[in-house]
């Protein structure tokens with residue numbers, strides 16, 4: 002049994018190009034947990050929990066993907082495992098407070114509260130869109146029967162490719178969902194859950210891109 006798994010439902014996308022793309026390891030002691038021509042996932046177990054870096058390429062503009070990722074209220078419509086997602090507040094500095102409840106397979110439901118910071122791509126940052134977050138577990142009382150995730154921090158980075166018509170998307174996460182997680186469930190996160198999330202958001206991004214062209 003282990004206490005680590007990446008069921009952060011703020012989660013991930015689908016690569017659509019058929020060709021392989023180059024992805025380098027984030028550094029020493031990282032393990033390549035999943036690799037296809039469309040998606041690569043690296044993991045590293047640390048004292049706090051598990052670090053994850055996942056990279057793909059999406060046939061949609063970075064701003065489209067950014068809009069999909071920041072559409073928190075509609076996560077239950079297309080994100081696997083997400084049962085509830087709400088915006089609790091928007092602060093004067095542009096940060097957003099969100100709440101989400103997820104139902105991963107084989108384990109109890111989890112929830113988490115996040116402080117989210119969003120940066121749109123501009124000429125000064127080479128057109129890179131970024132969403133980063135950190136858990137604020139004490140923001141609201143815990144829900145009976147739901148495990149509160151107290152460590153959940155990471156980011157999405159959407160960098161333009163081919164003049165901005167495509168996107169290199171990188172996801173980073175440090176999490177520990179609490180409770181005892183069977184090894185096979187932890188492994189499912191890398192081989193099933195994260196790829197499913199990538200596909201879901203990638204599909205949504207491509208749909209939004211086509212809708213804006215019509």
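Numbering (the working numbering), first residue to last: 2 to 215. C-beta: ideal position from N, C-alpha, C; glycine also. Remember, it's a predicted structure, so these values are computed and weren't measured experimentally.
Of the residues assessed, residue 112 falls on the buried side of the cut-off, its CB having 16 or more other CB atoms within 10 angstroms.
DSSP places residue 205 in no beta strand (DSSP E) but in the uninterrupted alpha helix (DSSP H) bounded by 195-214. In terms of Cβ geometry, residue 114 and residue 140 form a close pair [threshold 7 Å]. When 200, 100, 130 and 146 are compared, the shortest CA-CA separation from residue 110 is found for 146.
Counting only runs that start and end inside the segment 26-58, the beta strand (DSSP E) elements of at least 3 residues fall at 32-36 and 40-46. If you compare the alpha carbons of 99, 127 and 197 with that of residue 118, the shortest gap goes to 99. Assignment of beta-bridge partners to residue 161 by DSSP yields 168. Residue 67 is not a Cβ neighbour of residue 54, given a cutoff of 7 Å.
Counting every other CB atom within 10 Å of its CB across the protein chains shown gives residue 126 a total below 16, marking it as exposed. Taking 8 Å as the upper bound for CB-CB distance, residue 192 and residue 51 are not in contact here, some 14 Å apart.
With contacts defined by Cβ atoms closer than 7 Å, residue 88 and residue 103 do not form a contacting pair. Spatial neighbours of residue 152 in its own chain (CB-CB distance under 7 Å, excluding positions within 5 residues in sequence) are listed in chain order as 49, 50, 136, 175, 176 and 177. The C-beta distance from residue 41 to residue 24 rounds to 4 Å, short enough to fall under 8 Å.
As DSSP reads the structure, residue 86 sits in a beta bridge with 101. Taking 7 Å as the cut-off, the beta carbon of residue 201 is found closer than this to the beta carbon of residue 79.
Cβ contact annotation for residue 71 (same chain, cutoff 7 Å, sequence separation greater than five): 119 and 132, in chain order. Setting aside the 5 residues that flank it on each side, residue 62 is surrounded in the same chain by 165, each with a C-beta closer than 6 Å to its C-beta; the list follows chain order. Distance from the Cα of residue 154 is smallest, within the candidate group 196, 148, 169 and 138, for 138.
In terms of Cβ geometry, residue 65 and residue 160 do not form a close pair [threshold 7 Å].
For residue 130, the enclosing beta strand (DSSP E) covers residues 130-136. Bounds of any beta strand (DSSP E) do not take in residue 69; it lies within the alpha helix (DSSP H) bounded by 63-70.
Short of 7 Å from the beta carbon of residue 197, and not among the five residues preceding or following it, lie these beta carbons of its own chain, in chain order: 81.
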